[in-house]
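As numbered in the numbering used here, residues 22 to 879 make up the sequence shown, in order.
Note that beta-carbon positions come from the ideal geometry of N, C-alpha and C, so glycine has one too.
What follows is a set of notes on a single structure, which appears directly below.
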Amino acid sequence: MTRLLILNEKQSQAEKFAEYLGGMSGEFEGNPYDIVYAAGHLLQLKSPNEMVKPELAAKYADWQNLDNFPWNPLDLSWAKSVISSKKRYINNIKNNLAGHDVIVIASDNDPTGEGDLLGWEIVDYLNWQNEVWRIRFKGDDSANYVIDALHKPEKSTVNEQDSQGILVKGKSRQKFDFLTGLEESRIATELAREQGFSNKGKALSIGRLQTYITTLVDQQNRARAAYVKKPFYEIRYKDGNGNVFKRNYQDGDVWRFTDKGLADQDLSNYSQEKVIVDSTTEKRKQPPKLVNLADLGKIFQKEYTTEQIIETYQKMYDDKIVSYPRTEDNAITIDDFNELLPYADKIAEVVGIDPQLLKHKAPRKKFIIKSEDHGANRPTKLVPQSLDEVENKYDKCGRDIYERVAKSYLAMLAEDYVYTQVKAHIVNHPDFVSTISIPKEQNYKLIFNEADLDEEGQSENKVKNFAENASPEVYQGTNTPPTKPTLTFILNNLDKWNLGTGATKMQTISKLQAIGKENKKVIPQLKVIKGVFEVTGTGALIACLAKDTYLSSGKITKRLQDILNEIKADPTKQDMIYSVAEKTIEHDKAAMIKNAPLLKQDVQVKKLATDLKAIERFSGIFAKTNEAVNPPVTIFDGHKTTTEEQQKALASEKLIYSIDKFGKKEEHTAYLAEQTYKSKKTGKKITSIVWKVEFPEDTDHVKGKYQPLGKEIKFKKEYGQHTFTADEITKLLAGNEISFETTDKQGKNFIATGKLVEQELKDGRRKVRFWGFRLNPKPVDTSIYVVITYKDGKEYHFRNTYRGHRWTPEEIKKIAAGKKQIVAFNGRKGTYRMEIKPNPNKKYKGRKYFGFDEKFTK
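Right under this line is the structure:
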């Protein structure tokens, strides 16, 4: 009998194990077990000065002496401490150690070794000396896989860690990132401060993947800013079906002109000619490999943030309707293929695909891998009843994710896309050539079209065969402008170097934008404006300093991955990582020292310099308490104090000044005072000397109890040009509607009817809630619009005609139920049919409306 303590990576995983084994405690084939769980990494490497001998501590705590870098990694003990927010997890595991013979590490089986590292660092921290088992469950952690893994654990002792390739790989990667990231962050921070850039008083964050992305965005936008449009003109042929014939341009060719007049003259040398078809070849194309999280990011970059996609997919994985998110695979094992195949038709019905399209049930080689990792992102055999069920649980983002992941999987069960490739030339000008691809059998493209992964998400245009003749024309083109750094652009560049899993890419991009709960304290390096990424002041600073460094290049990560795989194969080579880190830091330090003097002249850094300033403070002795203080120069109401005002405040005197608020002058009184508040970081009460402001009496708002909710509120006492009377205020606070005559912005009189409503206003990234008078919506003109109660219980309206078709009562009933339907429309070329699906969240110029998703059908 062996008493097992099963250690899971997170609570949701532990709950699944408990479900499979019969509880959080019990017996597995005669062996008593208890299940405990972590919450991701519970431990972190200590600060470098805490990992060295006392006589070296000062050196490793010193940021200013650049001669200290690179560090000697052999000086470091690589000791770890518990992350303060996760002490309860480590304490719970510790309290459950007694009475067990074996710790079973049952964390995720990451190809990077992260799951092994997460489990073993807990084992080491708790000073466990007994046996350790590592179980690896293939694919997702379903019952069969878990039980199968428990039958064949990898058994070892704590002294045998250095022989485990995957664990040593994880440790080596962690050491490389710690050394390069921490040292280069300190080097960059000190060099920036020497040049007068404080980055809001915080350290710059340099890292392998994030610095590559930030530098990539900065370089791309600089290239776009430097782009000069250079038009050119040349002769091209076009046939009656729009097919274009052109010559292959080489530098120096005299038939391309910068002057349109010369091209117009050249046009006289050409006339209408016959089109000669050179070849007609039938070609086939297999379905694309399965999508990963980064691909979902490309598809939905205009609808959802990276964080939304990551968090939603994780929830769906926790509920086991999709597979493991952080996978490097884009294919699956034959066992996974065979296991999911019986559910394919059901999945197809859920996502609206005709099961008759799934004719290729035999596995293609490109989709099958031999390894027993997690396999590509895909749906599981736990198939939902409908997409509406998915949306109700995971919102529209979850619905969209499931639909695309499912269709990507189903596409590999469809026949190849078949098309005819036709090549042709102009009879008397054979250097004018054209190649077209004419779809013959759409097959898998009817399920999932890889064109959705393109920048614009456009499907292929309809192509017609060559016409009999083609005519010459003057074509105007320009030199190609640099691509906008969108999410797709960034992800495609990461793909080029094979940098990170789909999930890692998305998580890093979220961190660079400071999006997500875990990134609240991060200073963003990137921002997104209308879908295009730009650097912030911090990002500009890092990009300028990191120019020509190894960490700003994808090559170092590619090189690191090769070395880590070598270490995994032969763990005795683990010290190689120290040499690579040292060479990287030496090179990058020299590059940053060279770049630092250019910071003040850099256009981008100067442009965004205001982003980088720390809170400006003044210091002195506060007369009232006789203690040293350093309050901000600018009071939180926006008033910037003068030197004279600061001296008055230190002497306990009050300052009186005017503030311009919403176009009105408002007099404020401010002074320094001792105040106590609760620290968000520690939860402890802190007493300090800070600014206190006395505001004038608010004469613009009314305060009172809003009777329907029984709570105190305040609201503006005016609406437009109308000031509410005492009687109107009483009615508003009672929750009643009122009507009054007022004027609109054009000066026209109208009767305003409405009541108090709690509203929301966006103030930058912050949402501000307030109470105010709101006009009742205008009544819907039912001669033009149809009013329905939709399936979500809300009332919507839409035009009673669509594409010239007037909705019938039966069609309106289906729309209200949220059902798809096939509708026939009359066009100029006859009747055509479309699948119409109601969508209450359609958007136009940022505003939502009730509309329809449509697609042509036979």
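Beta-carbon separation (whole angstroms), VAL556 vs THR235, contact threshold 8 Å:
Within the sequence shown, numbered from 1, the residue matching residue 556 stands at position 535. Within the sequence shown, numbered from 1, the residue matching residue 235 stands at position 214. Correct: roughly 6 Å between the Cβ atoms.
Exercise. Identify every residue that forms a DSSP beta bridge with GLY47.
Key: Within the sequence shown, the letter at position 26 stands for residue 47. Answer by DSSP bridge pairing, in chain order: TYR54.
| task | Spatial neighbours of LEU547 within its chain, please: CB distance less than 8 Å, with the 5 preceding and 5 following residues excluded, ordered by chain position. | result | Working through the sequence shown from its first residue, we reach residue 547 at position 526. Contacts found: ILE234, THR235, VAL238, ILE530, LEU533, GLN534, PHE554, GLU555, VAL556, THR557 and GLY560.
- For ILE353, does the count of other Cβ atoms within 10 angstroms reach 16, so buried, or fall short, so exposed? On the sequence shown, residue 353 is found 332 positions in, with the first residue counted as 1. Buried.
*Per DSSP, which residues does ILE857 bridge with? Please list them.*
By 1-based counting over the sequence shown, the position of residue 857 is 836. According to DSSP, ILE857 bridges with GLN842 and GLU875.
_Selected residue, minimal CA-CA separation from PHE90, among LYS840, HIS608 and VAL265_ = Along the sequence shown, read from residue 1 onward, the residue named residue 90 stands at position 69. Per the Cα distances, HIS608.
How big is the Cα-Cα spacing for ARG155 and LYS380?
To locate residue 155, count along the sequence shown from 1; it is residue 134. To locate residue 380, count along the sequence shown from 1; it is residue 359. In a straight line, the C-alpha of ARG155 is about 41 Å away from that of LYS380.
DSSP state of GLY552, grouped into three classes?
Counting from one through the sequence shown, the residue named residue 552 turns up at place 531. In the structure shown, GLY552 sits in coil (DSSP, three-state: anything other than H, G, I, E or B).
query = Where does PHE736 sit, in a helix, a strand or coil, going by DSSP?
reply = Counting from 1 along the sequence shown, the entry for residue 736 is found at position 715. PHE736: strand per DSSP, three-state reduction.
In whole angstroms, what is the alpha-carbon distance linking GLU674 and PRO652? Walking along the sequence shown from the start, residue 674 turns up at place 653. Walking along the sequence shown from the start, residue 652 turns up at place 631. Taking the straight line from one Cα to the other gives about 15 Å.
Specify whether the region 394 to 413 and the region 340 to 349 touch according to this definition: at least 3 beta carbon pairs, one from each stretch, less than 8 Å apart.
yes
Checklist line | Reduced DSSP secondary structure (H/G/I, E/B, other) of LYS621 | finding: The residue labelled residue 621 in the question sits at position 600 within the sequence shown. Helix at LYS621.
inquiry  = With three or more C-beta pairs closer than 8 Å as the rule, is the region 506 to 514 touching the region 293 to 303?
reply    = no
Checklist entry - How many angstroms separate the CA atom of LEU225 from the CA atom of ALA213? => result What you label residue 225 is simply residue 204 of the sequence shown in a count that begins at 1. What you label residue 213 is simply residue 192 of the sequence shown in a count that begins at 1. Their Cα atoms are separated by approximately 9 Å.
- request: Determine contact between the region 457 to 473 and the region 432 to 447, defined as no fewer than three beta-carbon pairs at a distance below 8 Å.
  value: yes
Checklist line | ALA818 in three-state terms, based on DSSP | finding: The residue labelled residue 818 in the question sits at position 797 within the sequence shown. Just to set this straight, residue 818 is His in the shown sequence, not Ala. In the structure shown, HIS818 sits in a strand (DSSP, three-state: E or B).
_Under DSSP, the beta strand (DSSP E) around GLU762 begins and ends at which residues?_
One-based indexing of the sequence shown puts residue 762 at position 741. Taken as a continuous stretch (DSSP letters only), the beta strand (DSSP E) holding GLU762 covers 759 to 764.
Using the C-alpha atoms, what's the distance from LYS251 back to PHE266? Translated into positions along the sequence shown, residue 266 becomes position 245. Translated into positions along the sequence shown, residue 251 becomes position 230. So the alpha carbons of these two residues sit roughly 22 Å apart.
Close beta carbons around SER106, own chain, < 8 Å, minus the five adjacent residues each side:
The sequence position of residue 106 within the sequence shown is 85, counting from 1. There are no such residues.
Where do the N-terminal and C-terminal ends of the alpha helix (DSSP H) with TRP141 fall, by residue? Your numbering for residue 141 matches position 120 in the sequence shown. It spans 135 to 146 - the alpha helix (DSSP H) in which TRP141 sits, taken as one unbroken run.
message: Check this for me: beta carbons of TYR698 and LEU200, under 9 Å apart or not?
response: Taking the sequence shown and counting its residues from 1, the one referred to as residue 698 is at position 677. Taking the sequence shown and counting its residues from 1, the one referred to as residue 200 is at position 179. Going by C-beta atoms, TYR698 is not nearer than 9 Å to LEU200.
Own chain residues within Cβ distance below 8 Å of GLY186, not counting five before or after: If you number the sequence shown from 1, residue 186 lands on position 165. Excluding residues within five positions, the ones whose Cβ falls inside 8 Å are ILE588, LYS589, ALA590, ASP591 and PRO592.
Item checked: Classification of LYS192 by the beta-carbon crowding that lies within 10 angstroms, buried from 16 upward -> Against the sequence shown, residue 192 aligns to sequence position 171. Answer is buried; the Cβ neighbour count reaches 16.
**Asked** What did DSSP end up calling TYR291 once you bin it into helix, strand or coil?
**Response** Here residue 291 refers to the residue found at position 270 when the sequence shown is read from its first residue. Residue state, collapsed to three classes: coil.
- Query: Rounded to the nearest angstrom, how far is the Cβ of GLY872 from that of LYS866, given a contact under 8 Å?
  - Reply: Here residue 872 corresponds to residue number 851 of the sequence shown, with the count starting at 1. Here residue 866 corresponds to residue number 845 of the sequence shown, with the count starting at 1. Actually they do not touch by this definition, with Cβ atoms about 13 Å apart.
Checklist entry - Ordered along the chain, which non-local residues of its own chain (more than five positions away) have a Cβ less than 7 Å from that of LYS223? => result For the purposes of this step, residue 223 is taken as residue 202 along the sequence shown, with counting starting at 1. Excluding positions up to five away in sequence, the list reads ILE544.
Relative to the C-alpha of SER429, which residue among HIS450, GLN182, ASP299 and GLU471 is closest? Numbered from 1 along the sequence shown, position 408 holds the residue referred to as residue 429. Answer by Cα proximity: GLU471.
Can the beta-carbon of GLU30 be found less than 9 Å from the beta-carbon of GLY136? Numbered from 1 along the sequence shown, position 9 holds the residue referred to as residue 30. Numbered from 1 along the sequence shown, position 115 holds the residue referred to as residue 136. Yes.
Q: Would you kindly check if the distance between the Cβ of GLY120 and the Cβ of LEU314 is under 9 Å?
A: In the sequence shown, counting from the first residue as 1, residue 314 sits at position 293. In the sequence shown, counting from the first residue as 1, residue 120 sits at position 99. Not a contact, by the Cβ cut-off of 9 Å.
Item to complete: Grab me the residues of ILE833's own chain with a C-beta within less than 8 Å of its C-beta, minus the 5 sequence neighbours each way, in chain order.
Response: Position 812 of the sequence shown, counted from the first residue, corresponds to residue 833. VAL807 and ILE809, listed in sequence order.
- Count the other CB atoms, across all protein chains shown, that sit within 10 Å of the CB of PRO800; report buried if there are 16 or more and exposed otherwise. As a working note, residue 800 is residue 779 in the sequence shown. By the neighbour-count rule (16 or more Cβ atoms within 10 Å), PRO800 is not buried but exposed.
Exercise for the section: Quick one: grab the DSSP three-state call for PHE771. Expected result: By 1-based counting over the sequence shown, the position of residue 771 is 750. Three-state DSSP puts PHE771 in a strand.
Using a threshold of 9 Å, state whether the C-beta atoms of GLN32 and TYR58 are closer than that. As a working note, residue 32 is residue 11 in the sequence shown. As a working note, residue 58 is residue 37 in the sequence shown. Contact: yes.
Where VAL789 falls: helix, strand or coil (DSSP): Along the sequence shown, one-based indexing puts residue 789 at 768. The answer is strand: DSSP assigns VAL789 an E or B state.
Of the residues ILE168, LYS173, ILE843 and TYR110, which one's Cα is nearest the Cα of GLY140? Here the question's residue 140 lines up with position 119 in the sequence shown. Measuring from the Cα of GLY140, the nearest candidate turns out to be TYR110.
Margin query: Do ILE457 and ASN486 have their beta-carbon atoms positioned less than 9 Å apart in this structure?
Written below: Taking the sequence shown and counting its residues from 1, one reaches residue 486 at position 465. Taking the sequence shown and counting its residues from 1, one reaches residue 457 at position 436. Result yes, Cβ atoms of ASN486 and ILE457 sit closer than 9 Å.
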